[in-house]
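What follows is a set of notes on a single structure, which appears directly below.
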């Protein structure tokens, strides 16, 4: 399955991704792009960084880490985050020291946070650091943070304004969300390479992964210049629904949508991405409700649940087929 | 062996200590001060912090950590540093990420560095943080960093100026040392409580532990105010030799002394501490050479090697006997 090191792909798939759900599809794409029929394609993943935070002076980038571990074959598929075969001496010792323990950090995972924090403090950018980590771990895909400037999702809840990780991990996503803000978004620039990747004539498709639209995809789209670049792109834009029959595959997507006054449906997601989309891949159950809102968007019915590795590859093949049919 | 929580010791032993050798004697003192005859005594350890450094943005304080782990019963006695039962997932992952691996950090040990760094970045002082860590780990003794301001031992060597840890760990103490500098020493103040502890009428003895004089004890003595406070102290000042018959019990003490043009003997150490001392405890082999330089200093011959826990307690009892005889 490994790509010969001498081959530089001439074409690209560009994926926008949050953490777990997005990383599953990214892994599927990464794997099938080694097939002969798509061997001229490389994968570029634009990762949400609005979930990033500083925890005990360590810079933690959960979505980049999930993508890195997933694409490096190091992901803990039982937990859904962190590294496989992880040990927990750090957390045990931290508890005895009376330190912060609300956010779990595995021993091996800590290497990522410490090394990244160290390099940031030396003046390296998040995208430079991410690139060298991907190289060290022999990851084929390019993982680009959405921006090298800090953007932070904050939520106005019934317990006041909360930063994302304290809301999501600290409060287990229980508070009711009234408003979402991406702090710093207007000062953020797309990381180097993003606009080129989106608008390149060699880009075969722009894929919006099945991630939470509110906290994973829309922060990426909200960075000045990215939404317009996607609109201007020659490549078809294909989204995969993160919602099946009113249920999110993972995480608090449907709860947050409802609390913000939206229906928690695939149709809502399609409408939020609006005029960006050329195609929307959703579960067969959702086709009927989608038809009334899908003006100008091709609807593709597919099994979008990704339990097994085979599921990921199958959905990635569907994405590639849609992309190539759209071009034709 | 545990001291009743309701007893606040009315008298104190104050020890000046570096890492391993000093921590052994500190442990001996800590343990014997629970004996009925000395139960009115508490132990205050003034720890060298000139070995501290920032490693990958983490603040590491090797001598405080050795003292903390030793007095908490968590020390790795096989390695001589770090924690017992340590795991190494962090270092393994760091190596795969292409990060810095010249300084070993165990998974549990990392909790100390991360928590301390986090609290320092919030504005807490090193002494406040050390105190709360000691409380969390139920350490009886007070461990005081020599200063809350940064002091850094630097060595002019045949490979240029080196910070201490790169010299000691990175270069395995191999370069020849021509000069030692304690950067920041003139701007450093004794940490809160140090001058009071040294000069209190309730202090029974000031003990200079068998640590490297050049890099562990003399940085403490060089902080403006500390040497004078020791001179002014009512309590007898008792040093334990770190050198036996021309050999350092541990570490590069004799090599550094020779490179700086000194004889690597107990007599050299006695002379360096000079007019501070009331008593000097050394190995029987060194008594003869000490007699010619020990003007005004009581020489005590004792077995000062501390291999077993019993050795540590035995030497601590010798120190206490000398202290109480000096007072009488």
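Residue numbers (the numbering used here), protein chains in the order written: chain X, 27 to 354; chain F, 27 to 354. Backbone N, C-alpha and C define an ideal beta-carbon position, used for all residues, glycine too. The model shown is predicted, which means the values in this text are computed figures rather than measured ones.
In terms of Cα proximity to residue 263 of chain F, the closest of F:318, F:350, F:310 and F:168 is F:350.
When X:166, X:321, X:254 and X:204 are compared, the shortest CA-CA separation from residue 39 of chain X is found for X:166. In the three-state DSSP reduction, residue 141 of chain F falls in the helix class (H, G or I). By the 16-neighbour rule on beta-carbons within 10 angstroms, residue 311 of chain F is exposed. Residue 249 of chain X is classed as buried because its beta carbon has at least 16 other beta carbons within 10 Å across all chains shown. The beta carbon of residue 53 of chain F is closer than 7 Å to those of 96, 97 and 338 in its chain, skipping five residues each way along the sequence. Residue 200 of chain X counts as exposed, since fewer than 16 other C-beta atoms from the protein chains shown sit within 10 angstroms of its C-beta. Its chain contains 325 and 327 as the residues whose beta carbon lies nearer than 7 Å to that of residue 313 of chain X, once the 5 sequence neighbours on both sides are disregarded; these appear in chain order.
By the Cβ rule, the segment 43-50 of chain F does not count as touching the segment 139-157 of chain F, because fewer than three pairs are nearer than 8 Å. Leaving aside the five residues that flank residue 278 of chain F on each side, the residues in its chain whose CB is nearer than 7 Å to its CB run, in chain order, 199.
A distance of 8 Å or more separates the beta carbons of residue 156 of chain F and residue 241 of chain F. Going by C-alpha positions, residue 261 of chain X is about 20 Å away from residue 34 of chain X. Per the DSSP secondary-structure output, residue 85 of chain F pairs in a beta bridge with F:80. For residue 196 of chain F, no Cβ of chain X is located within less than 8 Å of the residue's own Cβ. The C-beta distance from residue 237 of chain F to residue 268 of chain F rounds to 6 Å, short enough to fall under 8 Å. Nearest CB-CB separation between residue 332 of chain F and chain X: not below the 8 Å threshold. Per DSSP, the beta bridge partners of residue 208 of chain X are X:179. The criterion of a C-beta distance shorter than 8 Å is satisfied by residue 66 of chain F and residue 36 of chain F. Contact between residue 94 of chain F and residue 169 of chain F is confirmed by a C-beta separation of about 6 Å, below the 8 Å threshold.
DSSP places residue 190 of chain X within a helical segment (H, G or I) once states are collapsed to three. Residue state for residue 306 of chain X is assigned as strand, using DSSP reduced to three classes.
Going by DSSP, residue 73 of chain X is part of no alpha helix (DSSP H) but of the beta strand (DSSP E) stretching over 67-73. Shown here for residue 129 of chain X: same chain residues with a beta carbon closer than 8 Å to its own, the five before and five after excluded, namely 81, 86, 191, 195 and 196 in chain order.
Taking the Cα of residue 230 of chain X as reference, the smallest distance to any Cα among X:59, X:275 and X:44 is reached at X:59.
Out of F:131, F:138, F:291 and F:125, the CA that lies nearest to the CA of residue 270 of chain F is found in F:291.
In the structure shown, residue 59 of chain F falls within a coil segment according to DSSP collapsed to helix, strand and coil. Contact annotation: residue 119 of chain X and residue 134 of chain F have beta-carbon atoms nearer than 8 Å. Put simply, the CB of residue 53 of chain F is far from chain X, with every gap to its CB atoms at 8 Å or more. Collapsing the DSSP output to three states places residue 330 of chain X in coil.
With fewer than 16 other beta carbons inside 10 angstroms of its own, residue 331 of chain X counts as exposed.
Check the Cα spacing between residue 336 of chain X and each of X:282, X:57 and X:247: the tightest is with X:57.
In the three-state reduction of the DSSP assignment, residue 37 of chain X falls in the strand class, which pools E and B.
Contact annotation: residue 259 of chain F and residue 296 of chain F have beta-carbon atoms that are not nearer than 8 Å. Residues are counted here when their Cβ sits less than 7 Å from a Cβ of chain X; for the segment 131-142 of chain F these are 133, 134, 136, 137, 138, 140 and 141, given in chain order. Counted as a single uninterrupted DSSP element, the alpha helix (DSSP H) harbouring residue 293 of chain X occupies residues 292-299. Every alpha helix (DSSP H) stretch that sits fully inside the segment 214-243 of chain X and reaches 4 residues is listed by chain position as 220-225.
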